[in-house]
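*Asks:* Okay, here's the structure, questions in a sec.
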Amino acid sequence: MTATMQARQRRKFWGGFGYHAFGIGAALFFFAPFAWTGLASLRTGSEAQSPPLPPWPTHGISFDTYAVLDTFGAGIWQHTFNSMVVALATVVLTVIVSLLAGYGFSRYRFPLKNVFFVLIIATLMIPFQSILTPLFIILAKLGLNNSLVGLVLVYVTLQLPFSVFMMRNAFDAVPREIEEAARIDGARDLTLLVRVLLPLVTPGLASVAIFAFLNSWNEFLAALILLSDNEKYTLPVLMTAVRAGRLGAINWGAVQAGVMVMTIPCLAVFLILQRYYMRGLMAGAVK
Amino acid sequence: MTSPALTLAVPARARRRRARLGQWQGLLYIAPAMALVIVFFVIPVLFTFWMSFHDWPLLGQPEWIGLGNYMQMLKDTRFLSSLRFTAYYTVITTIAIFIVAFPLALFVEKQRRGVGFYRTIFFMPVVVGLATASLLWVWLANVDSGLIGPAIRMMGFTGKKVNLLATFDSAFWTIIVMVVWKVAGFTMIILLTGLQSIPVELNEAARIDGAGRWQRFRHVTLPLMRRTIALALILSVTGSVLAFDQFYIMTSGGPQNRMISVVYYIFNQSFVSFHLGYGSALSIALLGILIVLSVVQLRLLRVGDDK
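Chains as they are written, first to last, in my numbering: chain V, 1024 to 1310; chain Z, 11 to 317.
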């Protein structure tokens, strides 16, 4: 009797051991590059060009690499500011536009409704990489080439299929009785939307906002093509200059620092708002 | 109490008026979204078609040349080799991602202690940008200041310097490892949703019938996951066909210009050589390829429905 119990316990122990050995091994593979870069970026300037073995600073912690990064382009604060402005403006506009559109598609009937909806969703089928050339020309015609405003408008458009779909579903899930009751109490249209319905669709909006932030913060190709002015570069475009190096020499310390500057906001947003991120991802996947 | 007839009549008229008003209000609500989609999407798509029939320099007059760009495309060996490379890359990446992501999905499916922690860690690279990931890995793969090459040398496998990005094969596999690191967590979560939608009873029943672990996976899990697998496949294939950042940042299209993907080639034609018309024709070709792929994949999805 005790023998079988012992055997079972032993099997459970080794099962758990194998499980966590695999898990920790895999976790190391996915996490190590971040840790390695983060630690290496804190080495002194003289150390920064040597291989990161060991990754941690051996001559004391310093921010030399970040100081070097600051000498590229118009300074790291300017480019971080550009990226932040673009990302936050994309978030705000995407939230407003998809909130209105989601409400319209969920609650109203109007001619060509389905055509319009399919048109928005169809943009998912056509990759924006294939329309960059005319986009470049149209933005020039509108006087929005080489401008962060133009870039934001393009990013908002790219976010719309997912966001409108998400918000229509969010509104569909709100019982109509709540609206009826609010209407009887005298709330109308925008007041109704903002005061009564907004709190009910906030989880959906959170997902929309997170995806808008991450995608616009990380986007590279459109920014590379649409921005030509050094001062307006977003972080990924700035980093191509760092990557290209000066006089044939690449400062790898600046690369590490740049990777950290671009990574930390993404990881922070993801880790803090993970629940909403995953909800959005599942909603997209299940569809 | 008023008579029922009266209470019914008034709201009916009001409702009809509100319905007519509602038509316009509905359009008003979706107007901003539609304006953006039309200006920044529908018009550019149509404009791409229009441009593809022109010789369209950056400055100066566009000239109508009919199908000229398309004829040129068929004879353009660099375009054809970019197509071949993109196809090769797509197949290898997709296989590599699935080989890593499937075990991970099975691993994080079980409700055990620490599973939430593992899911979060595996997923972390997904939320950083592809450009960021490429930069990180181009440093790791650097011959003098990186990690991988010097580490291999230090462990004594070879006395020479290891430059991973110098030859096509090693650079290609470095990029594959980077992409798997970046994307596997995403595919894992997609596959996980599929795994979780399989009723537990089915696996139990198969187990009672004496099916082994592999048999259960092969005959219960896999068939029930067809839809999810198809979805993960679509996302992986589409993403790979459109790859650009990793080649631009990690290898600048090298060694020997053998890593030019289709999007990279379009980028070069349109925004380096400024052959905007030709670039548009190439874009239309890319669009065609993606539509064909979508149709094939949608059929895959429908096959999933039958089963």
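Cβ coordinates follow ideal geometry from the N, Cα and C atoms, glycine included.
Are there 16 or more other CB atoms within 10 angstroms of the CB of Phe127(Z), so buried, or fewer, so exposed?
*Replies:* Start at 1 with the first residue of the second sequence, and residue 127(Z) comes out as number 117. Under this definition Phe127(Z) is an exposed residue.
*Asks:* Where does Glu1254(V) sit, in a helix, a strand or coil, going by DSSP?
*Replies:* Residue 1254(V) sits at position 231 when you count from the first residue of the first sequence. Three-state DSSP puts Glu1254(V) in a helix.
*Asks:* Step through the CB atoms of chain V and report whether any lies within less than 8 Å of the CB of Asp255(Z).
*Replies:* Your numbering for residue 255(Z) matches position 245 in the second sequence. Yes, contact with chain V.
*Asks:* Does the beta-carbon distance from Gly204(Z) to Thr238(Z) come in below 8 Å?
*Replies:* By one-based count along the second sequence, residue 204(Z) stands at place 194. By one-based count along the second sequence, residue 238(Z) stands at place 228. Yes, Cβ-Cβ distance for Gly204(Z) and Thr238(Z) is below 8 Å.
*Asks:* Looking at the unbroken alpha helix (DSSP H) that takes in Ala97(Z), where does it start and where does it end?
*Replies:* Numbered from its first residue, the second sequence carries residue 97(Z) at position 87. It spans Thr87 to Glu119 - the alpha helix (DSSP H) in which Ala97(Z) sits, taken as one unbroken run.
*Asks:* Within a Cβ cutoff of 7 Å, which residues of the same chain sit near Leu18(Z), ignoring the five residues on either side of it in sequence?
*Replies:* Indexing the second sequence from 1 puts residue 18(Z) at position 8. Confidence in Leu18(Z) is poor, its pLDDT being 46 and thus under 50, which makes the residue's placement unreliable; the coordinate value appears in the next sentence. Nothing listed; no residue qualifies.
*Asks:* Could you check whether Pro1259(V) and Leu157(Z) sit closer than 8 Å to each other, using their CB atoms as the reference points?
*Replies:* Position 147 of the second sequence holds residue 157(Z). Position 236 of the first sequence holds residue 1259(V). Cβ distance not < 8 Å, so Leu157(Z) and Pro1259(V) don't count as in contact.
*Asks:* Closest by CA to Val148(Z), which one among Leu1171(V), Ile1273(V), Ala1306(V) and Gly1307(V)?
*Replies:* As a first step, residue 148(Z) is located in the second sequence; it is residue number 138 there, counting from the start. Cα-wise, what sits closest to Val148(Z) is Ile1273(V).
*Asks:* Using 10 angstroms around the beta-carbon of Ser1251(V), count the other beta-carbons present and answer buried if the total reaches 16, otherwise exposed.
*Replies:* Counting from one through the first sequence, the residue named residue 1251(V) turns up at place 228. With fewer than 16 Cβ atoms within 10 Å of its Cβ, Ser1251(V) is classed as exposed.
*Asks:* Give me the residue from Leu1237(V), Ile1201(V), Ala1058(V) and Phe1095(V) with the minimum Cα distance to Val1224(V).
*Replies:* Counted from its first residue, the first sequence places residue 1224(V) at position 201. Taking only the C-alpha atoms, the option nearest Val1224(V) is Ile1201(V).
*Asks:* If I'm right that Ile185(Z) touches Met260(Z) with Cβ under 8 Å, what's the distance once you round it to whole angstroms?
*Replies:* Taking the first residue of the second sequence as 1, we reach residue 185(Z) at position 175. Taking the first residue of the second sequence as 1, we reach residue 260(Z) at position 250. Right, their Cβ atoms sit about 6 Å apart.
*Asks:* With a 10 Å radius around its C-beta and 16 neighbouring C-beta atoms as the bar for buried, classify Ser1186(V) as buried or exposed.
*Replies:* Along the first sequence, one-based indexing puts residue 1186(V) at 163. Per the 10 Å Cβ criterion, buried.
*Asks:* Using a Cβ distance threshold of 8 Å, determine whether the region 77-93 of chain Z contacts the region 170-180 of chain Z, with at least three qualifying pairs required.
*Replies:* Result no; under three Cβ-Cβ pairs closer than 8 Å.
*Asks:* Quick check: is the beta carbon of Asn1192(V) nearer than 8 Å to any beta carbon in chain Z?
*Replies:* Counting from one through the first sequence, the residue named residue 1192(V) turns up at place 169. So, not an interface residue.
*Asks:* Between which residues of its own chain and Ile294(Z) is the CB-CB distance below 7 Å, once the five residues before and five after are set aside?
*Replies:* Translated into the one-based positions of the second sequence, residue 294(Z) becomes position 284. Closer than 7 Å at the Cβ level, and outside the excluded window around Ile294(Z), lie Thr58, Phe59 and Ser62.
*Asks:* Given a limit of 7 Å on CB to CB distance, which residues of the region 58-70 of chain Z reach chain V?
*Replies:* Here the close residues are Thr58 and Met61.
*Asks:* Of all Cβ atoms in chain V, is any one closer than 8 Å to the Cβ of Pro14(Z)?
*Replies:* Taking the second sequence and counting its residues from 1, one reaches residue 14(Z) at position 4. Only weak support exists for where Pro14(Z) lies, its pLDDT of 44 falling under 50; the value from the coordinates is given anyway. Output row for Pro14(Z): interface = no.
*Asks:* Is the shortest distance between the beta-carbon of Arg1298(V) and the beta-carbons of chain Z less than 8 Å?
*Replies:* As a working note, residue 1298(V) is residue 275 in the first sequence. No, Arg1298(V) does not count as interfacial toward chain Z.
*Asks:* With 8 Å set as the bound, which would you pick, yes or no: does the beta-carbon of Pro160(Z) sit closer than that to a beta-carbon of chain V?
*Replies:* Locating residue 160(Z) in the second sequence gives position 150, counting from the first residue. It does; some Cβ of chain V falls within 8 Å.
*Asks:* Does DSSP put His64(Z) in a helix, in a strand, or in coil?
*Replies:* As a first step, residue 64(Z) is located in the second sequence; it is residue number 54 there, counting from the start. Strand, per DSSP.
*Asks:* If we ignore side chains and look at the alpha-carbon of each, how far apart do Pro1150(V) and Val302(Z) end up?
*Replies:* Indexing the first sequence from 1 puts residue 1150(V) at position 127. Indexing the second sequence from 1 puts residue 302(Z) at position 292. Taking the straight line joining both Cα atoms gives about 14 Å.
*Asks:* How is Arg123(Z) classed by DSSP in three states: helix, strand or coil?
*Replies:* Within the second sequence, numbered from 1, the residue matching residue 123(Z) stands at position 113. Looking at Arg123(Z) - three-state DSSP - the assignment turns out to be coil, as it is neither helix nor strand.
*Asks:* Would you tell me roughly how many angstroms separate the C-alpha atoms of Ala216(Z) and Ile208(Z), rounded to the nearest one?
*Replies:* As a working note, residue 216(Z) is residue 206 in the second sequence. As a working note, residue 208(Z) is residue 198 in the second sequence. So the alpha carbons of these two residues sit roughly 13 Å apart.
*Asks:* Give a yes or no on contact between the region 1055-1066 of chain V and the region 1025-1044 of chain V, applying the rule of three or more CB pairs nearer than 8 Å.
*Replies:* No: fewer than three Cβ pairs fall under 8 Å.
*Asks:* Taking 8 Å as the cut-off, does the region 1228-1242 of chain V touch the region 1287-1295 of chain V (at least 3 CB pairs, one atom from each stretch)?
*Replies:* With a cut-off of 8 Å, the region 1228-1242 of chain V and the region 1287-1295 of chain V count as touching, because enough Cβ pairs lie within range.
*Asks:* Is the Cβ-Cβ distance between Leu1092(V) and Ile1084(V) less than 8 Å?
*Replies:* Taking the first residue of the first sequence as 1, we reach residue 1092(V) at position 69. Taking the first residue of the first sequence as 1, we reach residue 1084(V) at position 61. No; because the gap between Cβ atoms is not below 8 Å, this pair is not in contact.
*Asks:* At a Cβ threshold of 8 Å, is Met44(Z) touching chain V?
*Replies:* Position 34 of the second sequence holds residue 44(Z). At least one chain V Cβ lies under 8 Å of Met44(Z).
*Asks:* Alpha carbon to alpha carbon, what distance is there between Leu1221(V) and Val20(Z)?
*Replies:* Indexing the second sequence from 1 puts residue 20(Z) at position 10. Indexing the first sequence from 1 puts residue 1221(V) at position 198. Unreliable placement is indicated for Val20(Z), whose pLDDT of 49 sits below 50; the coordinate value is still reported in the next sentence. Rounded to whole angstroms, Val20(Z) to Leu1221(V) spans 30 Å at the Cα level.
*Asks:* Which residues mark the beginning and the end of the alpha helix (DSSP H) in which Glu214(Z) is found?
*Replies:* In the second sequence, the residue the question calls residue 214(Z) occupies position 204. Here the alpha helix (DSSP H) through Glu214(Z) covers Val210 to Ile218.
*Asks:* Buried or exposed for Gln1279(V), please, with buried defined as at least 16 other CB atoms from any protein chain shown within 10 angstroms of its CB.
*Replies:* Within the first sequence, residue 1279(V) is the residue found at index 256, counting from 1. Buried, by the Cβ-count rule.
*Asks:* By DSSP, does Trp74(Z) sit in helix, in strand, or in coil?
*Replies:* In the second sequence, counting from the first residue as 1, residue 74(Z) sits at position 64. Looking at Trp74(Z) - three-state DSSP - the assignment turns out to be strand.
*Asks:* In three-state terms, what does DSSP make of Thr1027(V)?
*Replies:* In the first sequence, counting from the first residue as 1, residue 1027(V) sits at position 4. Reduced to three states, the DSSP call for Thr1027(V) is helix.
*Asks:* To the nearest angstrom, how far is the alpha carbon of Leu1213(V) from that of Pro1198(V)?
*Replies:* Taking the first residue of the first sequence as position 1, residue 1213(V) is located at position 190. Taking the first residue of the first sequence as position 1, residue 1198(V) is located at position 175. So the alpha carbons of these two residues sit roughly 18 Å apart.
*Asks:* Do Ala1210(V) and Gly1125(V) have their C-beta atoms closer together than 8 Å?
*Replies:* Along the first sequence, read from residue 1 onward, the residue named residue 1210(V) stands at position 187. Along the first sequence, read from residue 1 onward, the residue named residue 1125(V) stands at position 102. It is not a contact, given that the beta carbons lie outside the stated cut-off.
*Asks:* Does any residue of chain V have a CB that is nearer than 8 Å to the CB of Met164(Z)?
*Replies:* In the second sequence, counting from the first residue as 1, residue 164(Z) sits at position 154. Closer than 8 Å to some Cβ of chain V, the Cβ of Met164(Z) qualifies, so yes.
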